[in-house]
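Q: Protein chains in written order, with the working numbering: chain A, 1 to 357; chain B, 1001 to 1086.
If you scroll down you'll find the structure; I have some questions about it.
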Ligand code: SF4
């Protein structure tokens, strides 16, 4: 396939490896690089890229799996809404099996709740049009890549007057969370920044992170993209630079997608947000603007919620090699934590492809 | 959730379009693109085209990848071409 196969060409791996090795030996010390995005985590595990890197280069997984960072209280809220009569919860498939405090959406479905898996918020809107008597609640999770798609669909719903379509909103934004991570004492040497988030926000927001002294490179999802981005990060470190560079120019412009951001800002505004594993990060969430509260499921439907309870023994905040449940009590078939459910979760990636080292 | 596969835009009807890859066609929202054109390769995420792929930049990155084995980047030189450095 065009723009895919070229970036998987195995004959180009050895020269890239050599370039990485040259930079690593020039640097002459250990380097810890964080891949922010869950799809990077998946790609790295799938293509065995960790094994191609020198021993001094460590890749650690960041907070970039939208399902994994969604707090358990949100899952509980969705479940409580699913129990309302005359309601359909429309959601991306990964959310269905995420454990809430005591149950999951999937388990509720077995008890008669209506859960509809969709590929797009547009499908949820279609469902609302088809069933005007049903309240369709779309679980709006995801980062800057997904949030504008939710916004565009809601804009459409408002324009056409589809009132039985609402959102349970937990969209999050990446750069503020990264800035927090970059300032943490546990030293990160560089960030492999998320490509499709960057397609929307551009590369400018990372300049604040680079200013703290952490090199940032936006890199694509294909194996050669990732290797080149790692080489660029190591070269920055070896040169003593901390800049924002862009390996993924075929998609990401410095200013990102202004139209998508304008639609997003028309409907949403920043708010504080809780990240599972990180806690509350000020200004890192998006909520519906007050004038659209008629489409805000949290404001429209009153449900009672118990205090959220994290699954016992789950350490999604750390890495799976430190978790005693990994592969034993916790598997993709019977997950304890969100990271084992999501197709982009670190635990799921490690379980599927191996990769503990 | 985040799997963006490059797909070719083959039809446009208002804010909806049809994209194709490996013989599979899908309907996508085009509301997030400024100027969608038939023949563009776009990245699809959650049912929307979120960005077009720039063919020239793609070629430049490929050229850079192919050069990786031939060139030993000078200390101080950036790993990417200087144009549009961000
Ligand atoms: S293996 Fe399961 S229990 Fe352990 S951290 Fe991962 S998701 Fe949580």
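Glycine is no exception: its CB is placed at the ideal position from the N, C-alpha and C atoms.
Note that the coordinates shown come from a computational prediction; the quantities given were computed from them, not determined experimentally.
Looking at C-alpha atoms only, which residue of A:291, A:218, A:78, A:123 is the closest neighbour of residue 305 of chain A?
A: Nearest C-alpha to residue 305 of chain A: A:78.
Q: Going straight from the alpha carbon of residue 407 of chain A to that of residue 62 of chain A, what length do you get?
A: A question about residue 407 of chain A goes unanswered here, because the residues of chain A that appear run from 1 up to 357.
Q: Mind pulling the beta strand (DSSP E) runs of 3 or more residues that sit fully within the segment 14 to 93 of chain A?
A: 31 to 37, 57 to 64, 87 to 91, all fully within the segment 14 to 93 of chain A.
Q: Nearest-angstrom Cα distance between residue 134 of chain A and residue 166 of chain A?
A: Between residue 134 of chain A and residue 166 of chain A, the C-alpha separation is close to 11 angstroms.
Q: With distances taken between CB atoms, is the gap from residue 1022 of chain B to residue 1048 of chain B smaller than 8 angstroms?
A: No, Cβ-Cβ distance for residue 1022 of chain B and residue 1048 of chain B is not below 8 angstroms.
Q: Quick one: which chain A residues come within Cβ less than 7 angstroms of residue 1034 of chain B?
A: 259, listed in chain order.
Q: For residue 142 of chain A, count neighbouring C-beta atoms within 10 Å of its own C-beta (all shown protein chains included) and say buried if the count is 16 or more, exposed if not.
A: Buried, since its Cβ has 16 or more Cβ neighbours within 10 Å.
Q: Relative to the C-alpha of residue 1037 of chain B, which residue among B:1019, B:1045, B:1061, B:1060 is closest?
A: Out of B:1019, B:1045, B:1061, B:1060, B:1019 has the C-alpha closest to the C-alpha of residue 1037 of chain B.
Q: Under a CB-based cut-off of 8 angstroms, is residue 1050 of chain B close to chain A?
A: Output row for residue 1050 of chain B: interface = yes.
Q: Nearest-angstrom Cα distance between residue 272 of chain A and residue 290 of chain A?
A: Rounded to whole angstroms, residue 272 of chain A to residue 290 of chain A spans 15 angstroms at the Cα level.
Q: How many Å lie between residue 353 of chain A and residue 334 of chain A at the Cα?
A: Going by the C-alpha atoms only, they are around 17 angstroms apart.
Q: What is the residue span of the beta strand (DSSP E) that residue 136 of chain A lies within?
A: It spans 135 to 142 - the beta strand (DSSP E) in which residue 136 of chain A sits, taken as one unbroken run.
Q: Using 8 angstroms as the threshold, is the C-beta distance between residue 1013 of chain B and residue 250 of chain A below it?
A: Contact: no.
Q: Using a Cβ-Cβ cut-off of less than 9 angstroms, list which residues of the segment 1052 to 1068 of chain B approach chain A; keep chain order.
A: Within the segment 1052 to 1068 of chain B, the residues whose Cβ lies closer than 9 angstroms to some Cβ of chain A are 1052, 1053, 1054, 1055, 1056, 1057, 1058, 1059, 1060, 1061, 1062, 1064, 1065, 1066, 1067, 1068, listed in chain order.
Q: With residue 172 of chain A as the anchor, note down where its alpha helix (DSSP H) starts and where it stops.
A: First-last for residue 172 of chain A: undefined, no H or E at that position.
Q: Along the chain, where does the alpha helix (DSSP H) that runs through residue 358 of chain A open and close?
A: Not covered by the structure: residue 358 of chain A. The range shown for chain A is 1 to 357.
Q: If distances are taken between C-alpha atoms only, which option among A:38, A:193, A:226 comes closest to residue 340 of chain A?
A: Ranking A:38, A:193, A:226 by Cα distance to residue 340 of chain A puts A:38 first.
Q: So, does the segment 237 to 254 of chain A touch the segment 270 to 284 of chain A, judging by three or more C-beta pairs under 8 angstroms?
A: Flag = no, the segment 237 to 254 of chain A and the segment 270 to 284 of chain A do not touch.
Q: Among A:168, A:162, A:238, whose alpha-carbon lies nearest the alpha-carbon of residue 57 of chain A?
A: For residue 57 of chain A, the nearest C-alpha among the options comes from A:238.
Q: Is there a C-beta anywhere in chain B that falls below 8 angstroms from the one on residue 196 of chain A?
A: Closer than 8 angstroms: yes.
Q: Could you tell me whether the Cβ atoms of residue 92 of chain A and residue 69 of chain A are closer together than 8 angstroms?
A: Not closer than 8 angstroms, so no.
Q: Taking the straight line between their C-alpha atoms, what separation do you get for residue 104 of chain A and residue 97 of chain A?
A: Approximately 6 angstroms, taken between the alpha carbons.
Q: Can you tell which of A:89, A:107, A:149 has its C-alpha closest to the C-alpha of residue 127 of chain A?
A: When each option's Cα is compared against that of residue 127 of chain A, the closest is A:89.
Q: By the 10 Å Cβ neighbour count, where 16 or more other Cβ atoms means buried, how is residue 16 of chain A classified, buried or exposed?
A: When all chains shown are included, residue 16 of chain A counts as buried.
Q: Distance check for residue 122 of chain A and residue 1035 of chain B, CA to CA, integer angstroms please.
A: The straight-line gap from Cα to Cα measures roughly 20 angstroms.
Q: Please report the straight-line C-alpha distance between residue 116 of chain A and residue 136 of chain A, rounded to a whole angstrom.
A: Going by the C-alpha atoms only, they are around 9 angstroms apart.
Q: Mind checking whether residue 210 of chain A and residue 276 of chain A have CB atoms under 8 angstroms apart?
A: Taking 8 angstroms as the Cβ cut-off, residue 210 of chain A and residue 276 of chain A do not qualify as a contacting pair.
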